[in-house]
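Numbering (the numbering used here), first residue to last: 42 to 373. C-beta: ideal position from N, C-alpha, C; glycine also. For clarity, every value in this text was computed on a predicted model and none was experimentally measured.
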């Protein structure tokens with residue numbers, strides 16, 4: 042079967058933008074859809090830039106309209122976040138070109154270099170030995186510390202590429218019960234039973250008061266810091282983080298949001314990974330208060346409420362529901 046020409050997999054406006062602006066004079070060999078884009082459309086491009094000795098790989102990201110409960114960053118904001126993170130030695134993808142308002146392509150569009158590496162989720166699923174799992178955890182914890190060192194003017198969701206948060210751009214931490222109620226009111230698929238709903242509401246009411254301790258923190262937060270969004274690789278026999286991907290949810294707040302996200306499914310990982318993660322975070326001067334585990338789990342309830350009432354797929358819903366009940370059991 043003859044493979045379709047790459048231009049046939051792109052709309053004419055995007056194809057023209059790629060070859061006239063993003064990669065002027067390049068020869069485009071291949072365009073393939075990439076899996077995993079729950080909120081945006083992504084494709085792998087193979088092209089030879091003008092004057093380059095061979096083909097190179099790129100990722101094309103096209104932004105869809107969003108009206109969800111948790112703010113998502115625009116293309117322009119994500120480009121700014123990537124630049125700020127790279128300047129502080131956080132391993133991220135290199136931006137090649139952007140059409141942040143879709144004036145050339147019809148939709149906000151970002152082109153960045155493909156990053157080599159193995160998804161951390163795959164490495165953990167393969168069951169690494171205890172020593173390797175601990176090394177992985179330390180590397181991940183150290184990178185999270187670097188992210189948390191990036192300070193912003195105030196807490197909140199970003200209002201624009203200046204990365205100055207809007208005063209009212211996201212739900213206040215003190216209103217965790219209200220956020221949970223809004224999520225439950227908007228749920229339409231009926232996946233949660235009465236027990237699930239009661240547990241979620243009870244946790245939000247009882248634990249929400251603990252968040253006052255971190256309400257004024259203003260560090261960069263990835264907000265989707267989990268093994269599927271981290272690429273890792275080995276150098277000189279040790280694991281390193283090659284890239285932190287997908288910054289569309291990033292905002293200003295407490296690094297404990299990302300700690301809670303990474304440890305949401307900790308029971309599925311080798312125990313040594315969690316040990317190493319905490320060690321790496323602390324070694325990089327990441328601040329963990331005495332009740333850090335309780336606070337990080339409570340912060341993660343924002344994400345759990347959103348996922349459980351609008352699940353991306355049944356398997357992830359089941360994992361998240363288990364995490365909710367495990368969190369409840371640990372607190373009773």
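In this structure, residue 352 keeps its C-beta atom at 8 Å or more from the C-beta atom of residue 327. Counting the other CB atoms within 10 Å of its CB gives residue 63 a total of 16 or more, which places it among the buried residues.
In terms of CA proximity to residue 197, 291 leads the group 166, 168, 190, 291. The three-state reading of DSSP puts residue 100 in strand, counting E and B together.
Our two residues, residue 355 and residue 361, have alpha carbons roughly 10 Å apart in a direct line. The C-alpha of residue 191 is placed about 9 Å away from the C-alpha of residue 259. In the same chain as residue 202, and ignoring 5 residues on each side of it, the C-beta atoms closer than 6 Å to its own belong to 117, 118, 121, in chain order. By the neighbour-count definition (other C-beta atoms within 10 Å, threshold 16), residue 150 is a buried residue. Per DSSP, the beta bridge partners of residue 160 are 272. Distances from the alpha-carbon of residue 53 to those of 222, 147, 270 put 147 closest. Remark: C-beta atoms of residue 240 and residue 51 do not approach each other more closely than 8 Å.
Between residue 319 and residue 177, the C-beta spacing is not below 8 Å. Nearest neighbour of residue 187 by Cα position, chosen from 70, 125, 67, turns out to be 125. Ranked by Cα distance from residue 238, the first of 223, 251, 252, 250 is 223.
The C-beta distance from residue 154 to residue 99 rounds to 6 Å, short enough to fall under 8 Å.
Excluding the 5 residues flanking it on each side, residue 251 has same chain C-beta neighbours closer than 8 Å at 332, 335, 336, 339, in chain order. When secondary structure is reduced to three states using DSSP, residue 68 falls in the strand class.
One alpha carbon belongs to residue 227, the other to residue 92, and they sit about 53 Å apart. Linking residue 300 to residue 87 through their CA atoms gives a straight-line distance of about 35 Å. The beta carbon of residue 130 lies closer than 7 Å to those of 187 in the same chain, with the five residues before and after it left out. DSSP links residue 293 through a beta bridge to 197, 261.
In the structure shown, residue 137 falls within a strand segment according to DSSP collapsed to helix, strand and coil. With a contact defined as Cβ atoms closer than 8 Å, residue 311 and residue 171 qualify at about 7 Å.
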